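>
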DNA sequence: AGGCATGTTACAGG
DNA sequence: ACCTGTAACATGCC
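In our numbering, the protein residues as written are 126 to 414.
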């Protein structure tokens with residue numbers, strides 16, 4: 126379930142495992158991902174050390190020594206597995222096949238590291254991708270250059286957001302999903318942010334009151350931070366426990382909760398589901414005006 | 001069997 | 001040139 130918090134948790138977990146390890150070999154089982162894996166570029170990774178992992182929006186950026194970096198996006202179902210020296214397999218706890226024996230089928234790219242440790246890019250639906258770049262091209266990368274501010278940085282603030290929405294006619298749900306406006310939010314967290322802010326997802330941004338804009342900005346930070354902290358404390362690391370499925374899902378208040386009681390005290394309304402911009406939207410008719 | 005799914009982007013039309 | 005909405009991608013689950 127890779128939106129910003131999940132990607133951040135993966136980043137933190139992976140850092141502990143693979144920083145300063147050398148890529149011995151790259152095995153491409155199926156390079157037909159969102160973009161076809163460039164074999165020639167991928168070969169350049171061989172013998173190089175992974176020096177750093179960064180995150181921008183929902184992208185992971187692996188810095189590889191000698192001016193290379195690898196851009197990774199999980200799409201809908203992408204993920205990493207890590208296999209350590211003792212052949213223990215660590216899986217992130219979001220979206221994977223419930224039958225762990227089916228994992229193998231979707232192992233698309235395998236990075237063989239030192240001591241026979243392995244980093245495996247697994248993706249059921251193949252909407253994710255891996256691209257290799259030279260560092261000097263960093264500023265030209267299509268995927269990164271049009272992204273809006275990082276929600277947890279100061280650049281995401283009332284002034285910026287108020288200015289961005291002025292003169293626009295779109296609804297608030299749609300605009301929060303737009304990576305040019307704010308980078309890293311997806312359908313789940315936008316639903317949650319609007320519930321906490323008491324704003325109906327269909328509201329036109331031109332009709333929002335200052336207080337509501339303020340709430341949306343603050344609650345974005347609040348929900349993402351909380352989610353990262355829960356991911357950090359609950360998942361803490363890649364889990365070797367195969368039984369867990371989406372630990373953070375239990376904290377959702379509206380996503381996928383249609384028909385269930387609104388969680389606000391004194392509210393007896395059931396959560397509604399409608400489609401906005403082709404995406405499922407969950408909200409409480411009474412609490413979100 | 002058919003509809004739905006956590007994301008991005010190329011493209012068409014205004 | 002900018003703004004907006006839609007289709008397409010691949011696979012599995014309900």
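Beta carbons: idealized from backbone N, C-alpha and C, even for Gly. Predicted model, so just to flag it, every value in this text is computed and none were measured.
1) Run through DSSP, which three-state label would residue 277 get?
2) Thinking residue 300 and residue 330 are a contact (beta carbons under 8 angstroms), I'd like their distance in whole angstroms, please.
3) On the DSSP letters alone, give me the boundaries of the beta strand (DSSP E) that residue 204 sits inside.
4) Taking the straight line between their C-alpha atoms, what separation do you get for residue 327 and residue 254?
5) Can you tell me whether DSSP reads residue 394 as helix, strand or coil?
6) Residue 407 by DSSP, collapsed to three states: which one?
7) Please state whether DSSP places residue 180 in a helix, a strand or coil.
8) Return the chain-ordered list of same chain residues with a C-beta closer than 8 angstroms to the C-beta of residue 393, the five sequence neighbours on each side being excluded.
9) According to DSSP, is residue 293 part of a helix, a strand, or is it coil?
10) Which residue from 352, 390, 211 and 336 puts its Cα closest to that of residue 377?
11) Tell me which residues share the same chain as residue 176 and place their Cβ nearer than 6 angstroms to its Cβ, disregarding the 5 neighbours each side in the sequence.
12) Just mark residue 294 as buried or exposed, buried being the case when its beta carbon has 16 or more other beta carbons within 10 Å.
13) Would residue 238 and residue 168 qualify as a contact pair, given that the criterion is a beta-carbon distance under 8 angstroms?
14) So, are the CB atoms of residue 206 and residue 178 less than 8 angstroms apart?
15) Buried or exposed, going by whether 16 or more other CB atoms sit within 10 Å of the CB of residue 248?
16) Measure from the alpha carbon of residue 181 to the alpha carbon of each residue in 399, 210 and 304, then state which is nearest.
17) Does the separation of the CB atoms of residue 348 and residue 318 fall below 8 angstroms?
18) To the nearest angstrom, how far is the alpha carbon of residue 203 from that of residue 159?
Taking the coordinates as given:
1) Taking the first residue of the first chain as 1, we reach residue 277 at position 152. Looking at residue 277 - three-state DSSP - the assignment turns out to be coil, as it is neither helix nor strand.
2) If you number the first chain from 1, residue 300 lands on position 175. If you number the first chain from 1, residue 330 lands on position 205. So it is a contact: roughly 6 angstroms between Cβ atoms.
3) Within the first chain, residue 204 is the residue found at index 79, counting from 1. Boundaries of the beta strand (DSSP E) harbouring residue 204: 203 to 208, taken from the DSSP string.
4) Position 202 of the first chain, counted from the first residue, corresponds to residue 327. Position 129 of the first chain, counted from the first residue, corresponds to residue 254. Roughly 32 angstroms separates the two Cα atoms.
5) Within the first chain, the letter at position 269 stands for residue 394. Residue 394 falls in the coil class under three-state DSSP.
6) Locating residue 407 in the first chain gives position 282, where the first residue counts as 1. In this structure, residue 407 counts as strand in the three-state DSSP scheme.
7) Numbered from its first residue, the first chain carries residue 180 at position 55. It is a strand residue.
8) Start at 1 with the first residue of the first chain, and residue 393 comes out as number 268. So the qualifying residues of the chain are 386 and 387.
9) Indexing the first chain from 1 puts residue 293 at position 168. In the three-state scheme derived from DSSP, where H, G and I count as helix and E and B as strand, residue 293 is classed as coil.
10) Within the first chain, numbered from 1, the residue matching residue 377 stands at position 252. Nearest of 352, 390, 211 and 336 to residue 377, Cα basis: 352.
11) Locating residue 176 in the first chain gives position 51, where the first residue counts as 1. Within the same chain, residue 176 has close Cβ partners 188 and 190.
12) Reading the first chain from its first residue, position 169 is the one you call residue 294. That one is exposed.
13) In the first chain, residue 238 corresponds to position 113, counting from 1. In the first chain, residue 168 corresponds to position 43, counting from 1. Their beta carbons are not under 8 angstroms apart, which means residue 238 does not touch residue 168 by this criterion.
14) Taking the first residue of the first chain as position 1, residue 206 is located at position 81. Taking the first residue of the first chain as position 1, residue 178 is located at position 53. Not closer than 8 angstroms, so no.
15) As a position in the first chain, residue 248 is number 123, starting the count at 1. So residue 248 ends up on the buried side.
16) Numbered from its first residue, the first chain carries residue 181 at position 56. With distances taken between Cα atoms, residue 181 lies closest to 304.
17) Along the first chain, read from residue 1 onward, the residue named residue 348 stands at position 223. Along the first chain, read from residue 1 onward, the residue named residue 318 stands at position 193. At the C-beta level, residue 348 and residue 318 come within 8 angstroms of one another.
18) The residue you call residue 203 lines up with position 78 of the first chain. The residue you call residue 159 lines up with position 34 of the first chain. Approximately 11 angstroms between the Cα atoms of the pair.
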